[in-house]
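Chemist: Structure provided below as structure tokens; questions to follow.
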Amino acid sequence: MSAQLDRAVGLLEASLTGTREVLGRVGARDLRRATPCAGWDLAALVRHMDESLAAYLEASHGHLRLAPLPAPAAAPGGAPVASVRARACTLLGAWSLAAEQDLDGVALDGATLDGANLEGAGLPADLLVSTAALEVAVHGWDVARSLDDPGCPTVLTEALAAALLPVARCTVAAGRGSGHFAPAVATPLRAGAPAVLLGLLGRTPAPPARSA
Numbered sequence: 001m002s003a004q005l006d007r008a009v010g011l012l013e014a015s016l017t018g019t020r021e022v023l024g025r026v027g028a029r030d031l032r033r034a035t036p037c038a039g040w041d042l043a044a045l046v047r048h049m050d051e052s053l054a055a056y057l058e059a060s061h062g063h064l065r066l067a068p069l070p071a072p073a074a075a076p077g078g079a080p081v082a083s084v085r086a087r088a089c090t091l092l093g094a095w096s097l098a099a100e101q102d103l104d105g106v107a108l109d110g111a112t113l114d115g116a117n118l119e120g121a122g123l124p125a126d127l128l129v130s131t132a133a134l135e136v137a138v139h140g141w142d143v144a145r146s147l148d149d150p151g152c153p154t155v156l157t158e159a160l161a162a163a164l165l166p167v168a169r170c171t172v173a174a175g176r177g178s179g180h181f182a183p184a185v186a187t188p189l190r191a192g193a194p195a196v197l198l199g200l201l202g203r204t205p206a207p208p209a210r211s212a
């Protein structure tokens, strides 16, 4: 088993655990709430999370299609939030198995860059899983912030945020260039790792305005 991939799967597990707990607090009436993701209510964010987890699940088999695809079929559970929570469990199991089988890279199918065909290009498996952990954790924070519930579990602990910061610094520039992230937000000099990570990804600790 690759030590790097094993560590990445550990980060993914920590991210999924906290995010699943927060999603367990989402009710049908909450889906109209605003989120820190501009233009998205909670329903749109949950759909995006389900699509992302489906893609990361596909990648656990050693390949990932980047061409536009239809929305994935809902995971067992029916409702959007239940689908994300169920897929999270499947995702962790799939990548744990991939780590045991020493998967070291993921081929990108249908990939292009500036018009050049990158068919067959690949990503290190540990980088992809670490990126999944980053996305899951930050969107878990988005959901918690949308709910504005003091009782919500803390998704971005100091330890998890500190472990995810190098991943964010490695990947965020490309994501911001393609419009996936808002501009970085300045954070105080002595801010903790969660605040620094959120600022790097264009988020602030302030809750979003509530939807009517």
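Counting in the UniProt record's numbering, the sequence shown runs from 1 upward without gaps. C-beta: ideal position from N, C-alpha, C; glycine also.
What's the C-alpha gap between valine 84 and leucine 45?
Modeler: Start at 1 with the first residue of the sequence shown, and residue 84 comes out as number 84. Start at 1 with the first residue of the sequence shown, and residue 45 comes out as number 45. Valine 84 and leucine 45: Cα-Cα distance of roughly 11 Å.
Chemist: Report the three-state DSSP secondary structure of aspartate 109 (helix, strand or coil).
Modeler: Along the sequence shown, read from residue 1 onward, the residue named residue 109 stands at position 109. Residue state, collapsed to three classes: strand.
Chemist: Decide if alanine 159 is buried, meaning its Cβ has at least 16 other Cβ atoms within 10 Å, or exposed.
Modeler: For this step, residue 159 is matched to residue 159 along the sequence shown. Burial state of alanine 159 is exposed, judged by a 10 Å Cβ sphere holding fewer than 16 other Cβ atoms.
Chemist: Using the C-alpha atoms, what's the distance from threonine 187 back to glycine 105?
Modeler: To locate residue 105, count along the sequence shown from 1; it is residue 105. To locate residue 187, count along the sequence shown from 1; it is residue 187. Going from the Cα of glycine 105 to the Cα of threonine 187 covers about 35 Å.
Chemist: Figure out for me which residue from Gly10, Val185 and Pro166 has the closest Cα to the Cα of glycine 202.
Modeler: Counted from its first residue, the sequence shown places residue 202 at position 202. Nearest C-alpha to glycine 202: Val185.
Chemist: Evaluate contact between the region 90-107 and the region 137-156, counting only Cβ atoms and requiring at least three cross-stretch pairs below 8 Å.
Modeler: no
Chemist: Beta-carbon of arginine 145 versus every beta-carbon of chain D: anything under 8 Å?
Modeler: Of the chains in the structure shown, none is chain D; there is only one protein chain.
Chemist: If you run the structure through DSSP and keep just helix, strand and coil, what is leucine 123?
Modeler: Translated into the one-based positions of the sequence shown, residue 123 becomes position 123. Reduced to three states, the DSSP call for leucine 123 is strand.
Chemist: Measure the Cβ-Cβ separation of leucine 164 and leucine 66 and say whether it is below 8 Å.
Modeler: Counting from 1 along the sequence shown, the entry for residue 164 is found at position 164. Counting from 1 along the sequence shown, the entry for residue 66 is found at position 66. No, they are not a contact pair.
Chemist: Under 8 Å, do leucine 91 and leucine 16 count as touching if we go by C-beta distance?
Modeler: The sequence position of residue 91 within the sequence shown is 91, counting from 1. The sequence position of residue 16 within the sequence shown is 16, counting from 1. Leucine 16 sits close to leucine 91, with the two beta carbons spaced by under 8 Å.
Chemist: With respect to the beta strand (DSSP E) encompassing histidine 48, which residues constitute its N-terminal and C-terminal limits?
Modeler: As a working mapping, residue 48 is identified with position 48 in the sequence shown. Per DSSP, histidine 48 belongs to no beta strand (DSSP E); it is in the alpha helix (DSSP H), 42-59.
Chemist: Taking glycine 39 as the reference, which of Ser146, Cys89, Glu58 and Ala195 has the closest Cα?
Modeler: Taking the sequence shown and counting its residues from 1, one reaches residue 39 at position 39. It is Ser146 whose Cα lies nearest to the Cα of glycine 39.
Chemist: Taking the runs of the alpha helix (DSSP H) that are 4 residues or longer, which of them lie wholly in the region 126-156?
Modeler: none
Chemist: Provide the residue span of the beta strand (DSSP E) that contains leucine 64, from first to last.
Modeler: Within the sequence shown, residue 64 is the residue found at index 64, counting from 1. From DSSP, the beta strand (DSSP E) with leucine 64 extends over 63-65.
Chemist: With respect to the alpha helix (DSSP H) encompassing aspartate 6, which residues constitute its N-terminal and C-terminal limits?
Modeler: Here residue 6 refers to the residue found at position 6 when the sequence shown is read from its first residue. Per DSSP, aspartate 6 is one residue of the alpha helix (DSSP H) stretching across 3-23.
Chemist: Quick check: what's the CA-CA separation for serine 2 versus alanine 162?
Modeler: Working through the sequence shown from its first residue, we reach residue 2 at position 2. Working through the sequence shown from its first residue, we reach residue 162 at position 162. Looking at the two C-alpha atoms, the distance is approximately 22 Å.
Chemist: Starting from glycine 27, trace the alpha helix (DSSP H) in both directions and tell me its first and last residue.
Modeler: Translated into positions along the sequence shown, residue 27 becomes position 27. That residue, glycine 27, is in no alpha helix (DSSP H); it is neither H nor E in DSSP.
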